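As structure tokens, the structure follows; a few thoughts come after it.
Numbering (this note's numbering), first residue to last: 92 to 311.
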């Protein structure tokens, strides 16, 4: 089985994707498009390079959405396109290079499903432990819980995942989920208690435990 790679989706208009502007903004950051392949009537695969760093993307012209590999080049690639993309969607997905046909189906299904989710808005609010043995609370509507269950399943399969949801006031936020492996010393991980004003020195921040999302989090 080939290794899975994390991809994040950005919104890019079809006219800009096929324009010289797209290539020029990348060239300003010394990013070169090495390969460009038409896979279907509306789907395109591209490979970009800067030095030894390589990045793959899949563009769906019918939805104007481009899935970008979260490689070492991701941060610079998104910065380069900042002036032309309409936004980062949070539609993240794990793909296997050897399973290209099924990957295309999964990406398109992800786009369609995300559009459907907008019709049923998810709400979820987390209330952490104040001190030791204090209760924690999770409040969510049905859609929020269903989407959280999907996110946990993805994290179980792939190690980590970012779930995008919203508070009851409509303010969106990210919930990053990590499957901790046996080699992580829990005693070194920062405690979650909100009632403590000072954090212990030498502890590991939760964000430091995410490896596959490292380039995405650094860019944001």
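For each residue, glycine too, the CB sits at the ideal point set by N, CA and C.
Given the structure is predicted, the values throughout are model-derived calculations rather than measurements.
- Residue 148 carries a strand assignment under DSSP once its states are collapsed to helix, strand and coil.
- Taking C-beta atoms as the reference points, residue 164 and residue 146 count as a pair closer than 9 angstroms.
- Residue pairing by DSSP puts residue 265 in a beta bridge opposite 255.
- Rounded to the nearest angstrom, the gap between the Cα atoms of residue 296 and residue 132 is 45 angstroms.
- With a contact defined as Cβ atoms closer than 8 angstroms, residue 104 and residue 155 qualify at about 5 angstroms.
- One thing to note: residue 229 has its Cβ no nearer than 9 angstroms to the Cβ of residue 214.
- In this structure residue 251 is buried. Its beta-carbon is surrounded by 16 or more other beta-carbon atoms within 10 angstroms.
- Residue 260 and residue 231 have their C-alpha atoms spaced approximately 13 angstroms apart.
- Following the DSSP letters along the chain, one finds residue 231 inside the beta strand (DSSP E) bounded by residues 228-231.
- Per DSSP, residue 184 is one residue of the beta strand (DSSP E) stretching across 184-187.
- Counting C-beta pairs with one atom in each stretch, the stretch 280-288 and the stretch 233-245 have fewer than three that are closer than 8 angstroms, which means they do not touch.
- In the structure shown, residue 167 falls within a helical segment according to DSSP collapsed to helix, strand and coil.
- Here the alpha carbon of residue 102 sits roughly 22 angstroms from the alpha carbon of residue 121.
- Annotated three-state conformation of residue 178 is strand, per DSSP.
- With respect to residue 294, residue 280 sits close: the two C-beta atoms are nearer than 9 angstroms.
- Per DSSP, the beta bridge partners of residue 127 are 137.
- Across the set 305, 282, 160, 126, the C-alpha of 282 shows the shortest separation from the C-alpha of residue 225.
- In the three-state reduction of the DSSP assignment, residue 154 falls in the coil class.
- Within the same chain, Cβ atoms closer than 7 angstroms to the Cβ of residue 176 are found at 101, 102, 103, the five residues on either side in sequence being excluded.
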